[in-house]
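Right, one structure below, let's go through it.
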Amino acid sequence: MIDTAPSYSADGSHICFESDRGGKQQIYVMARDGGGAQRISFGDGVYSTPVWSPRGDYIAFTKQAEGRFAIGIMPHRRFRGTILTEGYHNEGPTWCPNGRVIMFFRRPGGNAGPGLFTVDVTGRNEQPVKTPSYASDPSWSPLLQ
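Residue numbers for the sequence shown follow my numbering, so the first one is 277 and each next one is one higher.
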């Protein structure tokens with residue numbers, strides 16, 4: 277059994293993580309003391325790279341099924357995810373400090389290298405992020421006070 281990719285909730289009371297304890301990678305949530313792990317991702321495919329939003333209302337994730345990669349979000353108590361965007365290879369979601377936009381990288385395949393994109397929590401506003409060259413594994417800086 278492999279448990280990996282932990283992310284704390286905004287209030288620090290819970291941790292989401294990915295685990296293969298059920299046979300394939302899925303997302304689980306547990307109390308910060310390590311007790312009561314509960315699976316929250318269901319459906320076809322593999323769920324990975326969970327990241328809790330700064331507001332604590334959603335967990336972003338990567339879902340891989342049938343050769344496609346999707347970025348989605350799910351409320352941590354409702355067990356139902358919403359796919360925001362999918363493509364050949366989308367991965368590495370990270371939250372904007374306001375908790376309403378996710379940045380991720382996409383590798384389109386062929387000779388094109390990976391690039392960064394953002395999508396809002398509605399999934400209706402996806403935008404490329406201009407970089408001087410190929411880019412992957414995005415991260416936001418915190419808001420300055």
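Virtual Cβ for every residue (Gly too), placed ideally from N, Cα, C.
Asked, Found
"Residues of its chain near Ser295, where Cβ-Cβ distance is below 6 Å and the 5 sequence neighbours each way are ignored", "Asp279 and Tyr304"
"Enclosing beta strand (DSSP E) for Ser324 [first to last residue]", "Val322 to Trp328"
"Alpha-carbon to alpha-carbon, Gly332 and Ile359", "18 Å"
"Minimum C-alpha distance to His290 - residue among Met277, Pro326, Arg356 and Gly343", "Pro326"
"Contacting residues, own chain, Cβ-Cβ under 8 Å from Thr370 (five flanking each side not counted)", "Val327, Ala336, Ile378, Met379, Phe380, Pro414, Ser415 and Trp416"
"Straight-line gap, Phe345 to Met306 (C-alpha atoms, nearest Å)", "26 Å"
"Closer than 8 Å to chain D by CB, Phe381", "This model lacks chain D altogether, as it is built from one protein chain only."
"Neighbourhood of Tyr410 by C-beta distance below 6 Å, restricted to the same chain and skipping five residues each side", "Gly389 and Pro390"
"Host beta strand (DSSP E) of Ala281 (start-end)", "Asp279 to Tyr284"
"Close Cβ partners of Ala313 (< 6 Å) along its chain, the five nearest in sequence each way excluded", "Tyr304 and Met306"
"Beta strand (DSSP E) runs wholly inside the segment 312-378, at least 3 long, in chain order", "322-328, 335-341, 344-350, 358-363 and 366-371"
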